[in-house]
Amino acid sequence: MKKRLLALSMAMIMAAGTLAGCNGGNTGASTTTTTDTDGGSGSTTTEAEPTKAPELDTTVEAEDISSEVEGSVLNIYCWNEEFKSRLTDHYPGYTEVDATHGKIGDIDVVWNITPSDDNAYQNNLDETLLKQDSAAADDKIDLFLVEADYALKYVDTDYTLPVTDLGISLSELSNQYKYTQDVMTSSDGKLKGLSWQGCPGVLIYNREAAKAVIGSDEPADVQAAVKDWDTYKATAADMKAAGYYMTATVNDTYRTFSNNVSVPWVSADKKVQIDDNIKRWVDDSKEMYDAGQIKSTENLWGDAWSSGFYPDGKVFCYFGPAWLINFCMAADTDGSIANQGGWGATEGPQGFFWGGTWICAANGTDNKATVADIMRKLTVDKDIMIDIVKQDDDFVNNQPAMEELAASDYTSAVFGGQNPLGMFAAGAKNIALDKISAYDQGCNEEFQNAMKDYFDGNADYDTALNKFYDAITTKYPALSK
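In terms of my numbering, the sequence shown opens at residue 8 and continues consecutively.
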């Protein structure tokens, strides 16, 4: 087993990284650290070569684990209640004992939930994985969760088991969206984790504002007003004139731009490169913020960002996947726009995705059959996945299920009775990971941090850019301008 966990990240989603700002979903704004053999943590990040999505080796056959005896304790490591609620609500035979314990048949389920704030979840997971070989059977990690922004940290290590080692054949997974498997495919072509959800993004718009400014809250009419970035900016000016902000923060649009780059953050010779689409985000955001069309330069998950969840916040739109509105936009809070069914969904200027949560089997687990069954039930079983959509308003990782629901009379209460699943499903098919690198989380975070000075008028663009270069080459010493 490898003796060091590489603190690397693959950006998607912000959200996927750490979830500091809402009670579920994926955020991906965390500080990366390196865990050494003694279990300590340091601030120096270990580098790896920039990585594109490898090809899955479909010749690998599933192992026969039918003769293996299951352990008596199933230890699950995660960062919030999202996965726990999926298991509690949808896995057949799960019985809840208390907030951190449950039962699956004769097996005791132990939840180790560590919030992601200040990278605490990854630090705790890493330190425990480093002790996996010597831990008693009942203390070993059996199953743990990862998000898109740091999935690469675990995929190319021996700490994660290929799903075929659990007896799961790749043919069982044919209905899943390909990108969800690309995220978890190791450099030698082994699939190291499965997800129940897909995270294509849409533009989530305030219906009241749409009717007041655009003259209609129908998705097709709103789409015509945001169909590309130039049209989007013209609509922002109209929104401002009517007393609305286009977005709550400059960072609301960031992932839409960063998901549509033509080059990765890091070149083959380890040069940091600023894509034209990233530069356009800077230019458009600065122009719109200075014009009073964007409310704040603050980071996501803060008060300024969440103020738009309510009518008095006067925010026209957010950009996000299903989990954002399900877990983060106060749908259960009286008076919120979501609670009143006041949001709508349309494609927006560009397609994008944000986040995702993957189930991984830890090397050393003595509960392979149970972990495999959880993976099958939550990521393969069509009926269960349809129930997840209907009960939780999530978007699931099953193409036939989503296509069936998209063509059905399914409606979303928070979207005012709209069925948004067709546009989510179309977006999921088009997600590509050919521009990712192992440095994406750090690059995205440091770039946004540096540009705040520029947006606030405390630095010119070149000074802010140099601040970014200084930060990123400190975080990843092998990189250069």
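Glycine included, each C-beta is placed from N, C-alpha and C at the ideal position.
Check whether residue i and residue j have beta carbons under 8 Å apart
i	j	result
G251	F323	The residue you asked about is not Gly; residue 251 is Tyr in the sequence shown. Yes, the pair counts as a contact, with Cβ atoms nearer than the cut-off.
E453	F475	yes
L486	K147	no
V421	W350	yes
C206	W361	yes
Q183	N405	yes
G196	D64	yes
E77	A376	yes
K247	A298	yes
S194	D163	yes
S274	F316	no
D401	I395	yes
D259	Y325	yes
Residue from the options whose Cα sits closest to the Cα of residue i
i	options	result
L137	Q455, A369, M382 and N266	A369
Y186	N119, K302, V403 and I281	V403
G327	I285, T263, A275 and K302	T263
Y468	R287, Q406 and S274	R287
D388	V80, S202 and V104	S202
D282	D237, P271 and C450	P271
T353	G434, R383, I366 and S314	G434
S444	T238, E103, D380 and A158	A158
H97	D441, N473, Y446 and I391	I391
T364	A144, S265, G342 and A155	A155
V80	Q448, A143 and M430	A143
C367	E103, D189, I344 and Y161	Y161
G464	V209, E294, R214 and V396	E294
I438	G358, K91, L94 and A466	G358
N152	A243, I211 and T121	Correcting the residue type first, residue 152 is Leu in the shown sequence and not Asn. The candidate whose alpha carbon is nearest that of L152 is T121.
G371	D165, D124 and G208	D165
V279	C85, L472 and K459	L472
E62	T418, L440, K459 and D460	L440
N266	T95, G208, W86 and Y239	G208
T386	E75, G200 and K91	G200
Q204	L132, D416 and R93	R93
P318	G348, Y261, L307 and W308	G348
A338	G429, V233, G423 and A432	G423
I211	W308, Q425 and A249	Q425
T192	E179, P169 and K218	P169
Neighbourhood of residue i by C-beta, 7 Å cutoff - its chain only, sequence neighbours within 5 removed
i	result
A235	A small correction: the amino acid at residue 235 is Asp; Ala does not occupy that position in the sequence shown. If we look at D235 and ignore the five residues flanking it on each side, its Cβ neighbours are P356.
D399	N333
D245	V220
V257	S292, Y296, I301, T304 and F462
G100	I111 and G112
I72	L173, G174, K375 and A376
V104	K110
A243	M253, M295 and Q300
T340	N346
S181	none
8 Å CB neighbourhood of residue i in its chain, flanking five on each side removed
i	result
G222	D228
T171	V67, E68, A69, E70, L177, K197 and L198
I114	E77, G78, S79, V80, L81, N374 and T377
K384	H97, Y98, P99 and I391
T95	Y101, E103 and G109
Contact set for residue i: own chain, Cβ-Cβ below 6 Å, skip 5 residues either direction
i	result
I83	W118 and L150
G320	S314
V268	D282, N284 and K442
D43	Confidence at D43 is low in this model, with a pLDDT of 33, below 50, so the placement of that residue should be treated as unreliable; the coordinate-derived value is given next. Once the five neighbours on either side are set aside, D43 has no close Cβ partner at all.
E56	Caution is warranted here: a pLDDT of 43 is assigned to E56, below 50, making its placement in the model unreliable, and the coordinate value is therefore given only provisionally. Closer than 6 Å at the Cβ level, and outside the excluded window around E56, lies no residue.
T470	none
T490	Since the first residue of the chain shown is 8 and the last is 488, residue 490 is not available in this structure.
F431	P207 and F402
Y128	W86 and T121
C-beta neighbour in chain B for residue i, strict 8 Å
i	result
M191	The structure shown contains no chain B; it is built from a single protein chain.
Legend entry - contact_flag[the segment 107-120, the segment 392-411] where n(CB pairs < 8 Å) is 3 or more: no
Legend entry - Validate contact between the segment 216-232 and the segment 445-464 using beta carbons, cut 8 Å, 3 pairs: Contact check between the segment 216-232 and the segment 445-464: fewer than three CB pairs, one atom from each, fall below 8 Å, which does not count as touching.
Legend entry - Inside the segment 92-168 only - beta strand (DSSP E) runs reaching at least 3 residues: 101-105, 108-111, 114-120 and 150-154
Legend entry - Minimum length 3: unbroken beta strand (DSSP E) runs contained in the segment 169-249: 209-213
Legend entry - alpha helix (DSSP H) runs contained entirely in the segment 340-396, provided each spans 4 or more residues: 375-386
Inset, instruction - With a floor of 3 residues, list each beta strand (DSSP E) that falls wholly inside the segment 438-467, ordered by position along the chain. - result: As far as the segment 438-467 is concerned, it has no whole beta strand (DSSP E) run of at least 3 residues.
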